[in-house]
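Enquirer:
Residue numbers (the working numbering), protein chains in the order written: chain L, 2 to 523; chain U, 8 to 349; chain X, 447 to 743.
(1) State the DSSP-derived secondary structure class of residue 500(L), mapped to helix, strand or coil.
(2) Report the neighbours of residue 110(U) on chain L: residues whose CB is nearer than 7 Å to its CB, in chain order.
(3) Please report whether the beta-carbon of residue 139(U) lies at a distance below 7 Å from any beta-carbon of chain X.
(4) Would you please verify whether the beta carbon of residue 727(X) is less than 7 Å from any beta carbon of chain U?
(5) Excluding the five sequence neighbours on either side, which residues of its own chain have a C-beta within less than 7 Å of the C-beta of residue 548(X), listed in chain order?
(6) Span of the alpha helix (DSSP H) holding residue 34(L)?
(7) Chain L partners of residue 493(X), CB-CB under 7 Å?
(8) Report the three-state DSSP secondary structure of residue 493(L) (helix, strand or coil).
(9) Less than 7 Å separating the beta-carbons of residue 447(L) and residue 409(L)?
(10) Who are the near neighbours of residue 181(U) in its chain, counting only those whose CB is closer than 8 Å to its CB and skipping five residues on each side?
(11) Please classify residue 240(U) as buried or exposed, where buried requires at least 16 other C-beta atoms within 10 Å of its C-beta.
(12) So with Cβ pairs under 7 Å, would you call residue 529(X) a contact of chain L?
(13) To the nearest angstrom, report how far apart residue 278(L) and residue 195(U) are at their CA atoms.
(14) Spatial neighbours of residue 518(X) within its chain, please: CB distance less than 8 Å, with the 5 preceding and 5 following residues excluded, ordered by chain position.
(15) Under 7 Å, do residue 501(L) and residue 191(L) count as touching if we go by C-beta distance?
(16) Would you mind listing the alpha helix (DSSP H) stretches within the segment 407-440 of chain L that are 4+ residues and don't spill past its ends, in chain order?
(17) Between which residues of its own chain and residue 268(U) is the CB-CB distance below 8 Å, once the five residues before and five after are set aside?
(18) Whole angstroms is fine: what's the gap from residue 296(L)'s alpha carbon to residue 284(L)'s?
(19) Quick check on the burial criterion: 16 or more other C-beta atoms within 10 angstroms. Buried or exposed for residue 634(X)?
(20) Just verifying my parser: in three-state terms, what is the DSSP assignment at residue 676(X)?
(21) Closer than 7 Å, CB to CB, is residue 347(U) near chain X or not?
(22) Hey, how far is the Cα of residue 118(L) from the Cα of residue 142(L)?
(23) Going along chain U in order, which residues have a C-beta closer than 8 Å to the C-beta of residue 232(L)?
(24) Return the residues of the segment 292-313 of chain U that lie within a Cβ-Cβ distance of less than 7 Å from chain X, sorted by chain order.
(25) Under 8 Å: do the segment 81-97 of chain U and the segment 45-64 of chain U share three or more Cβ pairs, one atom per stretch?
(26) In chain U, which residues lie with their C-beta within 9 Å of the C-beta of residue 21(L)?
(27) Taking CB distances under 7 Å as the criterion, tell me whether residue 212(L) reaches chain U.
(28) Ignore the nearest five residues each way along the sequence and tell me which others in residue 39(L)'s own chain have a CB closer than 7 Å to its CB.
(29) Taking beta-carbon pairs under 8 Å, can you tell me which members of the segment 551-585 of chain X lie near chain U?
(30) What does a CB cutoff of less than 7 Å around residue 449(L) pick up in its chain, not counting 5 residues either side in sequence?
(31) Assess, as a yes-or-no matter, whether the segment 591-601 of chain X is touched by the segment 522-538 of chain X under the definition of 3 or more beta carbon pairs within less than 8 Å.
(32) Which residue's Cα is closest to the Cα of residue 34(L): 325(L), 198(L) and 273(L)?
(33) Does the beta-carbon distance from residue 376(L) to residue 361(L) come in below 7 Å?
(34) Can you list the residues of chain L that residue 512(X) reaches, using a CB-CB cut of under 9 Å?
(35) Within the continuous beta strand (DSSP E) that includes residue 23(L), where are the two ends?
(36) Quick check: residue 123(L) and residue 175(L), are their CB atoms within less than 7 Å of each other?
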C-alpha cells in the first residue's frame, strides 16, 4: 500500500513536468535545412536548433539570437555577424561536445549547403529547397571567418530578403565538431537522423511515424526548460487528436477541429495566430490537359470559393485574391479574385476543346494545415463544382503525408490541394518558393509552371530595397498569376491550436510554427 | 497420440506450403514489378536490381524462383517495407507482440465471459435468463465493431474520463523492448515508474480488449449453450439424474466438463474471426499492432508489407488452431482417434 | 362456390412450405422478417422516394441537427452533414449500397460456392483432400486480410471490394454444400434413384437440392450479415465505396471528423448498419429455429 502511494506521487511528477504535443504528421528529417514542410519545421526548427537571428513573435522584426549583433554595409553587399560566446551544443548519449559554438560551426552549416564539393553536401540527397528557392548559391560569393566569433557574408548583389532568409526556419546552425566525429566513425548520414543542435530541447528517441521524445537541454543559453520531457505524439487523424485532448492524453494539439466544442470546454483553450499562408488548388502544368492555360482558367471560374470558406474554414478565413495575404505589405487590394461563373467556365472549356469535359485526379493533402484544415472536404466541394462543367474528379488522399509530398514533388499528380506557410515575413518567400522556375526543379513548385516574365519580375523585386518599387513588381507578378492560373489561391487562414489550461507560455509563432521554449505546466 | 501429432504436423506442412505459394504468387498479382514487390526495394538502381534478381534466381524457372523465395523466408528475410525502408521482419517483430497481447487477452476474456453465460442460458433453457442472454448475444454479434469502438471511446474516455482512448501506454513512460509484450516488458524493466507504467498499460488495454472480445464472446455464448444443451440431453446425465444427484452436482461434476471440451474444439476456428475484429479495433484505438500496420500498408501500396503480413498473421492463426487441437485432444481421448474426413 | 372436397386429401407441404410454417412461429422473427422486407423495398425504391439527391450540397444548411432537436429543420428530417447533404436521403441511398449490394454479393458467392461444392462432393481421394486443405487454409486467413489482399491486387473501389467479399464468402458455401451433399448422397432415397439409373447430375438437381436448400438459405443469412459488416468495414477504412457515395461505413468514417460537433453523423449510419444486421440475423435465427423444429418432429 505504502509503496503504491509513493509510486503514484513519482509518476504524478513525471506527467506534471512533461508535455505531450499531438502533432499532425511525421517529420521528413531532423534537419530543417533539407526540408521546408511545416510538420518538419514544427518538430525541429525551434525545438532542436537556433539561428543566427530570429523574428520577434509580436511584430516580426529581426532580433538577435546566436548572433548578438550584425552589421550591413551601405551597398548591402557585406553582412557581418558577431556571435555570442556562451552557446553550448546538446550533450546526448551519441555525442558529447567539448567546446562552445563558434564561427566554425556557422561556416560548416552554410558551406554544407552552398558548396557542392563539401563532404556533407549530398549526405541526405543534396537538396536544400529553402536555399535553392532563395538562390543562395548565386547570392553568396563568400563566407569568411574573421575570428572565432565573427563571421562575414559577401554577397554578389544586394538582396532585400537576405536577412529575412538568414532568420528563416531552415537557416539553423549545426555542430561542426559532431560532423567531424561522424566522419571518423563513418556514420555521416546520422547528422540529419540523430540531430545535435543548440536549441532548448535535445533529441532522445524517434519511433518512426509514432512519436518523438525530447529532453531539455541542460545548458541552453536562454535557460533550461522546466519540463522533464517533451513528447510529440504523431496523430494524423483530426478526430484522434481532439479525442486525445478531451481525454487528457495530450496537453497541446495541432490544428484542432470542432472549435466550438473546445471553446465550450472549461479546461481547454483555443488559440490562434495570424499566419502568413495561402491554401491553393494547383495544376500540374506539365500534364495534359493542364498544360493548356484555358483549361486552368476555366476551372478557376468554376470554383465556388465562398462555399469552400463556409464549409472548410467555418468562415474563419479570408478568401485569397492572390498569393499574398493582406497582412503583407505586398498585398494589392486592386487584384480581384476570379468570379464564380459556371457559364464562363463552360465557355472557356469549350474554347479549349474540352466541351465534353474529362476525368482528372485531385490530390488532397491527408493532413490538416492552417491554410487548409480539411483538404478532403474541400476536394469534395470542388468535385461537386467541377461536375457542373462536366469534369469528373477522382480524389486521391490516402497516402501518408511524407509519401504524399514526395509523390507530388515528383509530379505524379494532375492537380493538388496544398498550401504554403511562409518561412519568413518577406513576400518573396511566396513567389520564389511556389512558382519560380528554380523551385520547379527543387520540387517546391508543385505546378511545374515556369514563366520567364514572372521570374524576371521577382528577380527585379529582390534587387532593390525600395518597398514601393518592389510592390509594383509584385503586383505585376500577381496579375500574371491570375492570367495564367498555374494555381488558384483559395484562402488565407489563421493557425489554430488547442491546449489544456494547465499548459502555460507562448507556443505559437506567426513564423516558424510551434516553440516549446519557456513553456511550463502546473 | 503419435499418429495424432503426425497428422497435425502433416497438415501444418501442407498449409505452410499453400500459404507460401499464395504469398509468392501475390508478388506477381500485385501491380508493379514482381521483383520489386518481392523485395520492397523501390529505389534500387539497375545494378542493385541485377544483384537482387540474381539472389532470387529470377532468370531460372518459376519453381526454383519459389524455392529461392522460401530460402529467403526461412532466413527471416521478407524484403523491405516500401514506405519505411526497414526490413519487414523488423517491422513485424515490433508489432506482432502488441497484437498477440491484445488478441490473447481478448480471447481469454471472451471465453471467461461467454462460456459461463452460455451455460447459464442452457441451464435456464427457454426461460427469462436464456432469452436475455440470447438477446445480448444477438446484439453483440450484430454491432459493427468500428462503431462500438467509437461509442466506447466517447463514453469511457471522453464523458466519464475513466480510460485512455489511444495507444498501448502513455508515451511518457520509456519501456525497453525485450519481448515486445508490453506488460511483461514493464515488469522486466528497471524504470523507477514501473508500477505506474504497469497500471497505465493495463488501463490502456481495457477498452480495446472489451471491443475485441464482445463478438467472440457472443459466439462462445451460442457454442456453450448448444454444447450444454446437447450434454444435458445425453443418457449419462439422465442416469445421474435418476440416481438422485442434485442439479448442481450434475452440472458441476459431469455436464460442465464435457460441455467445455466441445467448446474448446471451436476456439481455434474463432481465432481468424477474432483477428479480423482486432485489425479494425487496432485502427480505432491506435493500437500499435500488426493489423493497423497492414491497413496502413495498403493505403501506402506497400505490397511487400502486405505479403509479409499475410504469411505471419496466417501462420500465427494456424498455430493457434493447432495448439487448440492439441488441448482438445489432451482433454478428449476420443479426438485422438483418426476421424473420417479430417 | 367452394369446390367440394371429394377425398379427405392429406396435404404434403414442400420443405420450403414447412419451413415457412415453423419459421413464422416466434413473433420476434416476424418483426425481423418485416424489417428485412422493408429494407429490400427501401433498397429498390431509394432512387424514387428520397427527398433529395445523395450528393446535393445545401450550403445554407450545413450540419443541421435532426428535426426533433431545437435547431432542426423539418425539411431535413435527420439533419445534414458538413457539406449540407441530407442525412435521410443519404441513408436511404446507402440502403441500396450497403444492404442491397450485400444481397447481391451473397447470391453470387452462393451460386459459385454451390457449384464448386457439389462438384467437389462428387469427387474423392487426393483431389478432394487437396480441396479440403485448401479451404482450411483460406478459412484460416482473416476475412478482412483476404479482402485487403484482393483490394491490393485490384485497387480500391466499391466494385473491387464486392469481388473481394464474394471471394471471402465462397469457401463457406463450398464447405456447407459439400458436407450437405455428401450427407444426402448416403441416404437411401438417393440410392433408390441411382438404382433407377439416374445420373449424378440428375440426382443433384431433382433429389438433393430441394432437400438442402434450407440449409443453404440459413447459411446465406449468416453470410449476409457478415457481408453487410464487411462492406461497411471496408467503406469505413476507406477501401470501399469512393468518396461521395453514401455507403454506410464510408458515411460513418466521414462523420468521425464531425463527431464532437455533429454526433448524429456517426450515430445514424451506425444504427442503420446495426438495424440491418439485426434484421438479417433474426431472419437467419428464425430459419435455423424452424429447421431444428422440423428435424425434431
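Don't be surprised by glycine CBs; every beta carbon is placed ideally from N, CA and C.
Expert: In brief:
(1) Along the first chain, one-based indexing puts residue 500(L) at 499. Residue state, collapsed to three classes: strand.
(2) Working through the second chain from its first residue, we reach residue 110(U) at position 103. Those do not exist, as residue 110(U) stays about 20 Å from chain L at its closest Cβ, beyond 7 Å.
(3) Translated into positions along the second chain, residue 139(U) becomes position 132. Output row for residue 139(U): interface = no.
(4) Counting from one through the third chain, the residue named residue 727(X) turns up at place 281. Yes, residue 727(X) counts as interfacial toward chain U.
(5) Residue mapping note: residue 548(X) aligns to position 102 of the third chain, counting from 1. Residues of the same chain with a CB within less than 7 Å of the CB of residue 548(X), apart from the 5 flanking positions on each side, are 670, 673, 674 and 677 in chain order.
(6) On the first chain, position 33 is the one that residue 34(L) refers to. Neither: residue 34(L) is in no alpha helix (DSSP H) and is coded neither H nor E.
(7) In the third chain, counting from the first residue as 1, residue 493(X) sits at position 47. Against chain L, a Cβ distance below 7 Å from residue 493(X) picks out nothing, because the smallest value is about 18 Å.
(8) In the first chain, residue 493(L) corresponds to position 492, counting from 1. DSSP places residue 493(L) in strand when its eight states are reduced to three.
(9) What you label residue 447(L) is simply residue 446 of the first chain in a count that begins at 1. What you label residue 409(L) is simply residue 408 of the first chain in a count that begins at 1. Contact: yes.
(10) Sequence index remark: in the second chain, residue 181(U) carries index 174 (1-based). The beta carbon of residue 181(U) is closer than 8 Å to those of 198 in its chain, skipping five residues each way along the sequence.
(11) Within the second chain, residue 240(U) is the residue found at index 233, counting from 1. Per the 10 Å Cβ criterion, exposed.
(12) Taking the first residue of the third chain as 1, we reach residue 529(X) at position 83. Yes, its Cβ sits closer than 7 Å to a Cβ of chain L.
(13) For the purposes of this step, residue 278(L) is taken as the residue at position 277 of the first chain. For the purposes of this step, residue 195(U) is taken as the residue at position 188 of the second chain. Going by the C-alpha atoms only, they are around 49 Å apart.
(14) What you label residue 518(X) is simply residue 72 of the third chain in a count that begins at 1. Only 510, 511, 512 and 525 meet the Cβ criterion.
(15) Here residue 501(L) corresponds to residue number 500 of the first chain, with the count starting at 1. Here residue 191(L) corresponds to residue number 190 of the first chain, with the count starting at 1. Cβ atoms of residue 501(L) and residue 191(L): not closer than 7 Å.
(16) 429-436
(17) Here the question's residue 268(U) lines up with position 261 in the second chain. Counting only Cβ-Cβ distances below 8 Å, and skipping sequence neighbours, we find 335, 338 and 339.
(18) Stepping through the first chain from its first residue, residue 296(L) is reached at position 295. Stepping through the first chain from its first residue, residue 284(L) is reached at position 283. When rounded, the distance between both Cα atoms is 10 Å.
(19) Stepping through the third chain from its first residue, residue 634(X) is reached at position 188. The residue is exposed, with fewer than 16 neighbouring Cβ atoms inside 10 Å.
(20) As a first step, residue 676(X) is located in the third chain; it is residue number 230 there, counting from the start. If DSSP states are grouped into helix, strand and coil, residue 676(X) belongs with the helices.
(21) Walking along the second chain from the start, residue 347(U) turns up at place 340. A caution first: residue 347(U) carries a pLDDT of 46, below 50, which makes its placement in the model unreliable, though a value can still be read off. Not closer than 7 Å to any Cβ of chain X, the Cβ of residue 347(U) fails to qualify, so no.
(22) Walking along the first chain from the start, residue 118(L) turns up at place 117. Walking along the first chain from the start, residue 142(L) turns up at place 141. It is roughly 15 Å from the alpha-carbon of residue 118(L) to the alpha-carbon of residue 142(L).
(23) The count along the first chain starts at 1 and reaches residue 232(L) at position 231. The answer, in chain order, is 178 and 179.
(24) 301, 302, 305, 310 and 313
(25) Short answer: they touch.
(26) As a first step, residue 21(L) must be located in the first chain, where it is residue number 20. Near residue 21(L) (Cβ distances below 9 Å), the residues of chain U are 177, 178 and 179.
(27) Translated into the one-based positions of the first chain, residue 212(L) becomes position 211. For residue 212(L), the answer is yes, since a Cβ of chain U falls inside 7 Å of its Cβ.
(28) Here residue 39(L) refers to the residue found at position 38 when the first chain is read from its first residue. Here the set comprises 370, 422 and 514.
(29) 578, 579, 580, 582, 583 and 585
(30) If you number the first chain from 1, residue 449(L) lands on position 448. If we look at residue 449(L) and ignore the five residues flanking it on each side, its Cβ neighbours are 285, 286, 287, 412 and 441.
(31) no
(32) For the purposes of this step, residue 34(L) is identified with residue 33 of the first chain, where counting begins at 1. Measuring from the Cα of residue 34(L), the nearest candidate turns out to be 198(L).
(33) Taking the first chain and counting its residues from 1, one reaches residue 376(L) at position 375. Taking the first chain and counting its residues from 1, one reaches residue 361(L) at position 360. Note that the C-beta distance between residue 376(L) and residue 361(L) is not below 7 Å.
(34) Here residue 512(X) corresponds to residue number 66 of the third chain, with the count starting at 1. Near residue 512(X) there are no residues of chain L at all, since even the closest Cβ is about 18 Å away, more than 9 Å.
(35) As a position in the first chain, residue 23(L) is number 22, starting the count at 1. First-last of the beta strand (DSSP E) with residue 23(L): 19-24.
(36) Residue numbering aside, residue 123(L) sits at position 122 when the first chain is read from its first letter. Residue numbering aside, residue 175(L) sits at position 174 when the first chain is read from its first letter. Against a cut-off of 7 Å, the Cβ pair of residue 175(L) and residue 123(L) comes out as no contact.
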